[in-house]
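> Have a look at the structure that comes next, please.
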Amino acid sequence: MKKKFDFRRFIADNVVVVIFLILTAIATPISGLSANYILQDIITRIGRNSFLVFSLLLPIMAGMGLNFGMVLGAMAGEIGLIFAVDWNISGVWGLGFSVLVGLPIAIILGWAAGAVLNRAKGREMATGYILGFFMDGVYQFVVLYLMGSLIPMRSLAITLSRGYGIRNTLNLDSVRQSLDNMMMVKLFGLNFPVGTFIIVGLLCVFIVWFRKTKLGQDMRAIGQDQLVSNASGIPVETTRIIAIVMSTVLAMIGQVIFLQNMGNMATYNAHRQTGFFAVAAILVGGASVTKATIPNVFVGVVLLHLMYIVMPRAGAELFGSAQIGEYFRDAFSYGAIALALVLHAWRKRRGVEIDRAGLRMNTVDPAAKGGAV
Amino acid sequence: MLKIKEFAADFGWPRIIIFFFLITLFIVAPFVGVSISMSLSDTLNRFGQNAILVLALVPMVQAGCGLNFGLPVGIIAGLLGATIAMQIGLTGWFGFFGAVAICLPIAALFGWLYGQLLNKVKGEEMTIAMYVGFSLVTFFSILWLLLPYSSPAMVWGYTGKGLRTTITLDNFWSRILNDFMAVRIGENFVFPTGMILFALFCAFLVYLFFRSKTGTAMTAVGSNPDFARAGGVSSDKMRTISVMLSTMLGAVGILVYQQSFGFIQMYQAPLFMAFPAVAALLIGGASVNKASMLNVIVGTFLFQGILTMTPSVINSVLQTDMSEVIRIVLSNGMILYALTRKTKVTK
Amino acid sequence: MSGADNSEADRNAADRNAARSAVRTRRRFVKAGLLVLYVGLTLFVFINGRSHTFLLDNKSLNDGAIPALRRVKVFIDNQKPIELYARDRELLMVRGQGHRIRIETQDPANRLEAKFTVPFGNDMILISIPKMASGADDFWEQFIIHYERPTNNDAPPPTLEEPVPIEPTL
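What follows is the structure, given as structure tokens:
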């Protein structure tokens, strides 16, 4: 059976991507930014953000929706970085140390998060979101009250003057862009952080490989149908927890990569927006709540960040206020998430209804299956 | 004994712990030099301030739409009502009730649209509601800058356009409900009669509504959709009404909140306002699909009591400001508990 | 007949149990191995990743008994050489515990190369180049700064009472 390319269907399936393409296509010339500037910024941001976005892939595969709980991993990475700075471990070594310190924390947090989400089947996303808020409080407790009092800190430069607690901003000078600069390649007048790209590339290879393993297959099966998987002997609960643990660990590494590029860290705020940006990116890239691919990640990071680069300037040029541009892009990012979620829920329902109708009439047109991706 | 255990399991241990925590705070307070009468006064004040926002969640919970994280939709309507009333120069009682009158139709319209959307996404309401709220708040942030407001009380002084981030209600209707028939007992204790009465009145109206035919049908839709359909009740219609009601209550709620607070907070301020309200309702004993007036009143009182008491008491005991952490962990922990609880009434 | 069956089943079960316990032991070994690997790796990174500040000093010591070098080029590990004139002091960051130092100078010197290990847990080392050139082994010493706590009051931590602004930090 040859499949005809249906233009309208294609648009309907990728409406979020299309909207963002149109938006950025309009805003980019208005902003008046040079192509070189935009390209350089995009390259930097791909290196900086894509690892974080990748951490969302596995839970989507396992049918757990968008893992808003990934901020737990981000917090683990931040704790690792605090220790690396505290002990003055510099360069790539410092990043490695952060990851090593963050690893057990991320695993424990991920395990806990997975267990919590298992108790909230069907509303994983809202639960994960609140879980992020909840752990933010715990994180604040640990970093603001325990560090320096119960957990020994040696550097006075990073603790608050009252003797315990970490300062609001952490200077990451000792590890700043150490991964990016490890193999910086200059090409066509642009700087490519090849070191970071290699790490992201390795992650892609890992994900492609992982999909083919037994565990990866199990996750996909669970994503398709939990009951059937359970009946066929897949340990559903455990596999779901493992998906979240892996996602949390990846988010932890992603946050370390992100922060080494930024060069400093807002100790109590750095992770608050992480989930939002990662989720917005993957959805803008055309992923849905149930299906996400590696290209989705890259398309999403490029499109979302293109908009983040050009919108304030476009707003300034159009309305005389960069603020409007900023609100505009925030509104569209939130809107994109809402739209993607709505489309998904709507398609799922349409799929169910068509199934039901099909059962009744016993004639199902397979092509009419609600465009369920 | 068994009965107590059953009651505890049903009511939920977290709530009992929170309840005793609050009582402990009140007992400890005088010993660390915190005035009880002042704390109680603050608590009552904050209770009245937030009660209607919490109440706004009830209709949607009852109709099976889950916790309304999209409360900012109603709040935006309330902000529109308040700013329009100020723009046309209404003050005092006219101002407050003018704002209510203006915001209600707007909220009804918003609620209707929002309800239509939620009807299309049954089963995924909560996350979507959250993001619908977020995007509406940010979208309206643009409008606050662009809409042709001109009242000097509201716009930025130096450009003459665009609303300020906080607008004072001082010459309009600041604390108008609070001070209505307010009773002062002793030095520190003021009972904000007007506001409490208004909140209770709203709660009573909602209570009456749920006694009416429409209200009963709505509860039926929430607790057993199939049964309701068999009984000839349109579930979509009931859900839409619940969302409209919730949005309208949210709009009135924010107006009450503002008049007590004395300021209107614009732009990004409404973004996260739904979360404390949700936490309060859940602390009061509501679940994701069942809530009553008692839950609202008890929950708001407990939650606001803890918010008032922890900073003063904990700070005097520990000499540090731990209240933030306690607030975050407590409120989100409560929401988390409710979301992960295996409810008897399945969706 | 049935007894034979039973013993067969028993043996199977026993085999399975043995196999299972073997798997369990193997898993335990793998887990222990991973744990050891993790701890080892963390310690390795921790020790080798520590960075220190070297203060290079080219000053006369002991009332001129060890005179400063008029001009000297200092090579530390594989870093770019540092040129010092008399009475100069330079600062540089190095990573790891063991270090190699080499100097090039026209002035008379007894020793041009040295190796030394920084004691663990130290942040700053003061190296006297003339002393090293003279051949003394104690040419470096720990340099400990007695910090005064910064007196300026730090801004209070962010409160969540105010909603978190959406910062365009990305």
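Protein chains in written order, with this note's numbering: chain A, 1 to 373; chain B, 1 to 347; chain C, 1 to 170. We treat Cβ as the ideally placed atom computed from N, Cα and C, and that holds for glycine.
1) Compile a chain-ordered list of the residues in the stretch 306-331 of chain A whose CB is closer than 8 Å to at least one CB of chain B.
2) Look at the alpha carbon of Met-75(A) and the alpha carbon of Ala-106(A), and state the distance between them as a whole number of angstroms.
3) I need the DSSP call for Glu-124(A), collapsed to helix, strand or coil.
4) Any C-beta of chain E sitting closer than 7 Å to the C-beta of Thr-42(C)?
5) So for Thr-293(A), helix, strand or coil by DSSP?
6) Taking Ile-26(A) as the reference, give the member of Leu-339(A), Arg-313(A), Trp-346(A) and Arg-45(A) with the closest Cα.
7) What does DSSP give as the partner residues of Met-184(A) in its beta bridges?
8) Checking contacts by CB at 7 Å: is Asn-289(B) closer than that to chain A?
9) Going along the chain, which residues of the stretch 75-97 of chain A sit with their C-beta nearer than 7 Å to a C-beta in chain C?
10) Can you tell me where the alpha helix (DSSP H) holding Thr-127(B) begins and where it ends?
11) Among residues of its own chain, excluding the 5 on either side of Leu-90(B), which ones have a beta-carbon nearer than 6 Å to its beta-carbon?
12) At a Cβ threshold of 7 Å, is Phe-303(B) touching chain A?
13) Inspect the beta-carbon positions of Leu-69(C) and Asp-107(C) and report whether they are closer than 7 Å.
14) How about Phe-141(A): is its C-beta nearer than 7 Å to some C-beta of chain B?
15) Tell me, please, whether the CB atom of Gly-333(B) is closer than 7 Å to any CB atom in chain A?
16) Would Met-124(C) and Thr-53(C) qualify as a contact pair, given that the criterion is a beta-carbon distance under 7 Å?
17) For Val-45(C), would you say it is in contact with chain A, using Cβ-to-Cβ distances shorter than 7 Å as the test?
18) Note down, one range per segment and in chain order, each alpha helix (DSSP H) of at least 4 residues found wholly within the stretch 31-61 of chain B.
19) Identify, in the order they occur along the chain, each residue of the same chain with its Cβ nearer than 6 Å to the Cβ of Leu-104(B), setting aside the five sequence neighbours on each side.
20) Would DSSP call Trp-209(A) helix, strand or coil?
21) Any C-beta of chain A sitting closer than 7 Å to the C-beta of Arg-185(C)?
22) What in chain B is Cβ-close to Leu-341(A), meaning under 8 Å?
23) Just to confirm the assignment: which complete alpha helix (DSSP H) runs, minimum length 4, are found wholly within the stretch 261-330 of chain B?
24) Distance, Cα to Cα, Met-266(B) vs Val-279(A)?
25) Find the residues of chain A that neighbour Leu-145(B), judging by a C-beta separation of less than 9 Å, and give them in chain order.
26) Chain A beta carbons: is any one of them nearer than 7 Å to that of Leu-271(B)?
27) Bridge partners for Ser-128(C) per DSSP, in chain order?
28) Along chain A, which residues have their Cβ under 7 Å away from the Cβ of Asp-107(C)?
29) Provide the residue span of the alpha helix (DSSP H) that contains Glu-78(A), from first to last.
30) Which one of Gly-95(B), Pro-14(B) and Ile-328(B) has the shortest CA to CA distance from Gln-258(B)?
31) So for Met-219(A), helix, strand or coil by DSSP?
32) Could you give the distance in angstroms between the alpha-carbon of Ser-37(B) and the alpha-carbon of Phe-189(B)?
33) Count the other CB atoms within 10 Å of the CB of Pro-130(C); is the residue buried (16 or more) or exposed (fewer)?
34) Does the Cβ of Ser-21(C) have 16 or more other Cβ atoms within 10 Å, making it buried, or fewer, making it exposed?
35) Looking only at C-alpha atoms, which of Ala-29(B), Phe-7(B), Val-132(B) and Ser-174(B) sits nearest to Ile-306(B)?
36) Should Tyr-334(A) be flagged as near chain B, meaning a C-beta pair shorter than 7 Å?
The structure says:
1) Within the stretch 306-331 of chain A, the residues whose Cβ lies closer than 8 Å to any Cβ of chain B are, in chain order, Phe-319, Ser-321, Gln-323, Ile-324, Tyr-327, Phe-328, Asp-330 and Ala-331.
2) Cα to Cα, the separation comes out at about 8 Å.
3) In the structure shown, Glu-124(A) adopts helical secondary structure according to DSSP, grouped into three states.
4) Judged by its chain identifiers, the structure shown contains no chain E, and its protein chains are A, B and C.
5) It is coil, neither helix nor strand.
6) In terms of Cα proximity to Ile-26(A), the closest of Leu-339(A), Arg-313(A), Trp-346(A) and Arg-45(A) is Arg-313(A).
7) Met-184(A) pairs with Pro-193(A).
8) Taking Cβ atoms only, chain A never reaches closer than 7 Å to Asn-289(B), which makes this a no.
9) Correct list: Trp-87, Asn-88, Ile-89, Ser-90, Gly-91, Trp-93, Gly-94, Gly-96 and Phe-97.
10) That run of the alpha helix (DSSP H) goes 125-146.
11) Excluding sequence neighbours, Leu-90(B) sits near Gly-98.
12) Chain A, which has no Cβ nearer than 7 Å to the Cβ of Phe-303(B), makes this no.
13) For Leu-69(C) and Asp-107(C), yes; Cβs fall inside 7 Å.
14) With 7 Å as the cut-off, Phe-141(A) counts as an interface residue toward chain B.
15) Flagged as an interface residue toward chain A: Gly-333(B), by a C-beta distance shorter than 7 Å.
16) Yes. Within cutoff.
17) Yes, because at least one Cβ of chain A sits closer than 7 Å to the Cβ of Val-45(C).
18) Entirely contained in the stretch 31-61 of chain B, the alpha helix (DSSP H) runs reaching 4 residues are, in chain order, 36-55.
19) Cβ within range, chain order: Met-248.
20) Correct three-state label for Trp-209(A): helix.
21) Because chain C in this structure spans residues 1 to 170, residue 185(C) falls outside the shown range and cannot be described.
22) Under the 8 Å cutoff, chain B gives Val-121, Glu-124, Thr-127, Ile-128 and Tyr-131.
23) DSSP runs (the alpha helix (DSSP H)) wholly in the stretch 261-330 of chain B: 274-283 and 293-318.
24) The alpha-carbon separation between Met-266(B) and Val-279(A) amounts to approximately 26 Å.
25) Within chain A, the residues placing a beta-carbon under 9 Å from that of Leu-145(B) are Phe-319, Ser-321, Gln-323, Ile-324 and Tyr-327, ordered along the chain.
26) Chain A contact via Cβ: absent.
27) The partner list for Ser-128(C) (beta bridge, DSSP) reads Asp-57(C).
28) Result: empty, since nearest Cβ-Cβ is about 33 Å, beyond 7 Å.
29) For Glu-78(A), the uninterrupted alpha helix (DSSP H) run begins and ends at 71-86, by DSSP.
30) The candidate whose alpha carbon is nearest that of Gln-258(B) is Gly-95(B).
31) Helix.
32) Using only the alpha carbons, I get a separation of about 5 Å.
33) By the 10 Å Cβ count, Pro-130(C) comes out buried.
34) It is exposed - the Cβ of Ser-21(C) has fewer than 16 other Cβ atoms within 10 Å.
35) If we check each option's Cα against that of Ile-306(B), Ala-29(B) comes out closest.
36) Answer yes: the Cβ-Cβ gap between Tyr-334(A) and chain B drops below 7 Å somewhere.
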